Amino acid sequence: MKPDMLADGVYRVAAKVGNRDLFEGIWPIPDGVMLNSYVIKGTEKRVLIDLVKDWDGALSAVNSQLEDLEVGEENLDYIVINHMEPDHTGAMAQIIKHYPNVEILCSAKAVPLIKHFYKIEDNVRAVSDGETLDLGGKTLQFFMTPNIHWPETMMSYLVEDKILFSCDGFGSFGAYDHCFDDELTKEETEKLASETERYYANIVSSFSSFVLRGIAKFDNVEVKMVAPSHGVVWRKEPEKIINWYKTLATYAQGPREKEVAVVWSSMYGNTQALLSSVVEGLESEGVVVHVLQVPQTHESFVLEKVWRSEGLVIGMPTYEYKMFPPMYHVLDILERSHVQGRKTMRFGSFGWSGGAQKQFDEFSTSMKLDCRGNVEYQGSPTEEDKKKAYELAKALAKAVKES
Ligand code: FEO
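Last residue of the sequence shown: 419 in the working numbering, with the numbers rising by one and none dropped.
#1: Per DSSP, which residues does W280 bridge with? Please list them.
#2: So, does the region 218-227 touch the region 280-288, judging by three or more C-beta pairs under 8 angstroms?
#3: For W71 and Q81, I'd like the C-alpha separation in whole angstroms.
#4: Is it the case that the CB of D103 approaches a heavy atom of ligand 1 more closely than 7 angstroms?
#5: Let's see if you can read the secondary structure: which residues bound the alpha helix (DSSP H) around S419?
#6: What residue range does the beta strand (DSSP E) around Q394 cover?
#7: Where does G190 fall in DSSP's three states?
#8: Use the C-beta contact count for R28: other C-beta atoms within 10 angstroms, 16 or more gives buried, fewer gives exposed.
#9: Mind checking whether I56 and L200 have CB atoms under 8 angstroms apart?
#10: Beta carbon of W260: closer than 7 angstroms to some heavy atom of ligand 1?
#11: Name the one or two DSSP bridge partners that L64 has.
#12: Taking DSSP's pairing of strands, which residues face W43 in a bridge?
#13: As a quick exercise: from L408, V249 and S53, pick the residue whose alpha carbon is nearest that of K240.
#14: Go ahead and pull the three-state DSSP assignment for A31.
#15: For A265, which residues from the same chain have a beta carbon less than 6 angstroms from its beta carbon, with the 5 sequence-adjacent residues on both sides left out?
#16: Beta-carbon separation of R358 and G327 under 8 angstroms?
#17: Under a three-way DSSP split, which group does I257 fall into?
See the structure below:
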């Protein structure tokens with residue numbers, strides 16, 4: 017890849033990471049992910065914003081583009097660390113070896129993290145909220161935006177060009193051949209849509225109140241370009257990604273989309289035997305229904321659909337007196353991601369003894385789910401069970417529509 021110019025003296029230095037690994041060791045990235053760093057050349061000083069980890073060729077890609085930009089040992093003055101997670105800092109020790117005099121600028125909370133992760137203490141300086149850095153003709157300003165994504169996170173704003181370097185904030189999964197939103201093909205635009213929502217649900221959803229607080233911080237700041245460290249640079253429609261993130265963050269407390277996620281699993285087909293009655297009941301009210309089988313569907317994709325949906329249906333059998341284990345795992349992920357308050361029902365079969373419902377009720381309480389009822393049966397469902405499931409699902413969909 018070659019550096020992309022955002023404005024005079026401002027460049028993206030990017031690496032496309034492929035789909036071989038899981039992001040954070042958990043989340044599939046079938047379309048890869050971008051690691052974006054940025055270079056700013058003022059007349060006096062030069063800055064590199066955010067780094068990479070040595071992942072799928074990212075380090076050599078970034079080093080080679082820094083060479084293209086003639087950023088060498090004697091002319092890089094600062095490295096700005098907006099966020100300490102190792103996807104953006106993993107190669108810090110290798111990179112600063114090339115720049116022995118560089119000063120690392122970060123939030124106060126990042127200082128001990130740099131020490132503990134990389135054993136680096138020299139030339140590290142904490143900046144404060146609102147502080148500015150004069151580069152000569154260009155001014156960088158720092159905004160503390162805690163918990164987008166870790167507590168130490170900040171964003172950097174280039175005052176003259178009105179570019180916001182937002183690191184994880186406003187990011188997306190997916191690796192793209194083009195740098196800017198207005199350059200994407202139709203196919204890339206479609207990929208960006210689903211991969212932004214999945215990225216948000218997987219990585220950022222737990223911190224939605226901080227996202228809204230962070231966005232509010234820029235209410236009176238003109239942003240002409242949003243330059244995240246994952247995904248594309250929003251040049252044509254910076255307000256689109258900002259408003260999109262606002263909507264995604266709002267799903268935490270609602271309102272949400274008038275859609276229902278049906279997350280189901282079955283051992284021998286007896287829980288599955290009720291699925292069509294549930295789906296027909298939901299669809300009779302005309303709501304959008306997402307049907308997601310577990311464990312066949314990775315929790316990453318389940319979370320994406322559950323996050324946006326006002327309705328949630330859990331179909332799951334009892335397994336050895338408790339919940340079916342793959343569904344336990346999914347509900348654990350949903351709970352950690354702060355999925356709360358959904359209008360919910362549950363259905364499922366048991367063999368010689370129940371138990372799933374009791375354990376599900378505990379999740380339901382801790383996740384503050386608005387449970388509308390359940391249909392649980394021994395062995396296979398009766399016609400009466402199917403009718404009850406249809407009616408319960410229909411009532412749920414109606415409540416979702418009216419929410
Ligand atoms: Fe892209 Fe939270 O790291």
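Cβ coordinates follow ideal geometry from the N, Cα and C atoms, glycine included. It should be emphasised that the depicted structure is a prediction, and the values quoted were computed from it without experimental measurement.
On the basis of the supplied data:
#1: Residue mapping note: residue 280 aligns to position 264 of the sequence shown, counting from 1. Looking at the DSSP output, W280 bridges to Q309 and G331.
#2: By the criterion of at least three beta-carbon pairs nearer than 8 angstroms, the region 218-227 is not in contact with the region 280-288.
#3: As a first step, residue 71 is located in the sequence shown; it is residue number 55 there, counting from the start. As a first step, residue 81 is located in the sequence shown; it is residue number 65 there, counting from the start. For W71 and Q81, the distance between alpha carbons rounds to 16 angstroms.
#4: On the sequence shown, residue 103 is found 87 positions in, with the first residue counted as 1. Short note on D103: C-beta closer than 7 angstroms to some heavy atom of ligand 1.
#5: For the purposes of this step, residue 419 is identified with residue 403 of the sequence shown, where counting begins at 1. That residue, S419, is in no alpha helix (DSSP H); it is neither H nor E in DSSP.
#6: Start at 1 with the first residue of the sequence shown, and residue 394 comes out as number 378. D386 to Q394 is the extent of the beta strand (DSSP E) around Q394.
#7: If you number the sequence shown from 1, residue 190 lands on position 174. It is a strand residue.
#8: Counted from its first residue, the sequence shown places residue 28 at position 12. Looking at its Cβ environment, which holds 16 or more other Cβ atoms inside 10 Å, R28 is buried.
#9: For this step, residue 56 is matched to residue 40 along the sequence shown. For this step, residue 200 is matched to residue 184 along the sequence shown. Taking 8 angstroms as the Cβ cut-off, I56 and L200 do not qualify as a contacting pair.
#10: Translated into the one-based positions of the sequence shown, residue 260 becomes position 244. No - ligand 1 has no heavy atom lying nearer than 7 angstroms to the Cβ of W260.
#11: For the purposes of this step, residue 64 is taken as the residue at position 48 of the sequence shown. L64 pairs with V55 and I95.
#12: Reading the sequence shown from its first residue, position 27 is the one you call residue 43. Its beta-bridge partners are F39.
#13: Residue 240 sits at position 224 when you count from the first residue of the sequence shown. Closest by C-alpha distance to K240, out of L408, V249 and S53, is V249.
#14: Counting from 1 along the sequence shown, the entry for residue 31 is found at position 15. Strand at A31.
#15: To locate residue 265, count along the sequence shown from 1; it is residue 249. The residues are S224, V227 and L228.
#16: Numbered from its first residue, the sequence shown carries residue 358 at position 342. Numbered from its first residue, the sequence shown carries residue 327 at position 311. In this structure, G327 lies closer than 8 angstroms to R358 by Cβ.
#17: Within the sequence shown, numbered from 1, the residue matching residue 257 stands at position 241. The answer is helix: DSSP assigns I257 an H, G or I state.
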